[in-house]
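For reference, the structure is listed below as structure tokens.
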Amino acid sequence: MTSANMFTMEPEDTIPMLQQYYFPPYITLINRYSQQPDKDWAVRRRTLKQYLLEFVLDGVADIILTDEAIRVRKGDLFLIRPNQTHTNQGVPSNGYSCISVVFHFGQSMFPLDQVVTPSTHLGSYHNHPIEKLLHQLLQHYRKPDSYHQMICQHMLLSVLIQVAETLGSRKASSPRSKIKLEHVRRYIMEHYRENLSLDDLETMSELSRNYLIQQFKQAFGLTPKQYLNWVRVQKAKELAITTSLTIGEIAERVGYADVHTFGRMFKKQTGTSLSMFCSTLVYDS
87 MTSANMFTME
97 PEDTIPMLQQ
107 YYFPPYITLI
117 NRYSQQPDKD
127 WAVRRRTLKQ
137 YLLEFVLDGV
147 ADIILTDEAI
157 RVRKGDLFLI
167 RPNQTHTNQG
177 VPSNGYSCIS
187 VVFHFGQSMF
197 PLDQVVTPST
207 HLGSYHNHPI
217 EKLLHQLLQH
227 YRKPDSYHQM
237 ICQHMLLSVL
247 IQVAETLGSR
257 KASSPRSKIK
267 LEHVRRYIME
277 HYRENLSLDD
287 LETMSELSRN
297 YLIQQFKQAF
307 GLTPKQYLNW
317 VRVQKAKELA
327 ITTSLTIGEI
337 AERVGYADVH
347 TFGRMFKKQT
357 GTSLSMFCST
367 LVYDS
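Its first residue numbered 87, the sequence shown is counted upward by one per residue in the working numbering.
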């Protein structure tokens, strides 16, 4: 099996093939992808087991996820998470070219979303040092020896660190809005068991729906609904670890009257069912 299709595999299955990597992040593919303006193209409903970082060199495309669609243009950088189903689709009369990096952290539970942001769109970096780093990353990846692979790992981490620093400065740029948004975030944390709606959050924050969604996502990397789901998943995991509650009881504790609806949400967010998550837990005797 060649490196060209390692990006489709489970992370742990690629490690024996990556003989020039001795530590994470493990990079299984870096390539440049291009489509001409006169072609109707799409990569439909792809679900990878690894991270996909993509930088738009030129053109326009739509990134379609389960709960949102994002139009990306020249300079945009976005991150698709493991087990996140997505479609890349061309826009009529527009070409598209990008640099794609597929990578994972092996068996390490590295909290990437806490370092970068849980959002898909990471911002625009046209003429930013990150753009130069990604071009260099592609060049070094084409030279197959341990020295260049180590440089690739260093550059990938540098890209992620610079993204984290840039997003951190953006979040701190509007202190007045941040106070209201932090109030909304805490309200979700305290009322996640309830049947929360955007109407409830609009009323308590006195912010319009569109403004609330836009500013909340800019501040925390998720929309209010996505953040509510994230909180419910973390609470469900906590209950699974610390209690002997059934899955139905856990679903009820985190705001779901229907266990099947809860199960679909949990698997969509984590890529696995709560029962599978519980089966991986190891308890000391």
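The beta-carbon is built from N, C-alpha and C at its ideal position, and this holds for glycine as well.
Could you check what DSSP says for residue i in three-state terms: helix, strand or coil?
{"i": "Asp148", "result": "strand"}
{"i": "Met236", "result": "helix"}
{"i": "Ser183", "result": "strand"}
{"i": "His212", "result": "coil"}
{"i": "Glu96", "result": "coil"}
{"i": "Ala155", "result": "strand"}
{"i": "Asn91", "result": "helix"}
{"i": "Leu139", "result": "strand"}
{"i": "Val245", "result": "helix"}
{"i": "Phe109", "result": "coil"}
{"i": "Val201", "result": "helix"}
I need the boundaries of the beta strand (DSSP E) containing residue i, first residue and last residue.
{"i": "Asp166", "result": "In the sequence on display, residue 166 carries Ile and not Asp. 162 to 166 is the extent of the beta strand (DSSP E) around Ile166."}
{"i": "Gln222", "result": "Looking at the DSSP string, Gln222 is not in any beta strand (DSSP E); the run it does join, the alpha helix (DSSP H), is 215 to 227."}
{"i": "Gln121", "result": "112 to 121"}
{"i": "Ala322", "result": "Run containing Ala322: none in the beta strand (DSSP E); it sits in the alpha helix (DSSP H), 310 to 328."}
{"i": "Gln175", "result": "172 to 176"}
{"i": "Thr128", "result": "Sequence check: residue 128 is Ala here, not Thr. Run containing Ala128: 128 to 132, per the beta strand (DSSP E) assignment."}
The alpha helix (DSSP H) that contains residue i, what's its start and end?
{"i": "Ser361", "result": "360 to 365"}
{"i": "Ile101", "result": "Run containing Ile101: none; DSSP gives neither H nor E here."}
{"i": "Ala305", "result": "295 to 306"}
{"i": "Lys354", "result": "345 to 356"}
{"i": "Gly192", "result": "Note, Gly192: premise wrong, no alpha helix (DSSP H); not H, not E."}
{"i": "Thr289", "result": "284 to 291"}
Answer with yes or no whether the minimum CB distance from residue i to chain C is below 7 Å.
{"i": "Ile265", "result": "Of the chains in the structure shown, none is chain C; there is only one protein chain."}
My assumption, with CB atoms under 8 Å, is that residue i sits in contact with residue j. Please give the rounded CB distance.
{"i": "Val202", "j": "Leu165", "result": "7 Å"}
{"i": "Ala305", "j": "Leu267", "result": "5 Å"}
{"i": "Phe189", "j": "Tyr227", "result": "With a Cβ gap of about 11 Å, Phe189 and Tyr227 do not count as contacting."}
Original post:
When the Cβ atoms of the stretch 269 to 279 are set against those of the stretch 312 to 326, are three or more pairs found closer than 8 Å?
Top reply: Taking 8 Å as the limit for Cβ pairs, the verdict is that the stretch 312 to 326 does touch the stretch 269 to 279.
**OP:** Specify whether the stretch 229 to 240 and the stretch 209 to 218 touch according to this definition: at least 3 beta carbon pairs, one from each stretch, less than 8 Å apart.
**Re:** Counting Cβ pairs under 8 Å, fewer than three are found: no touch.
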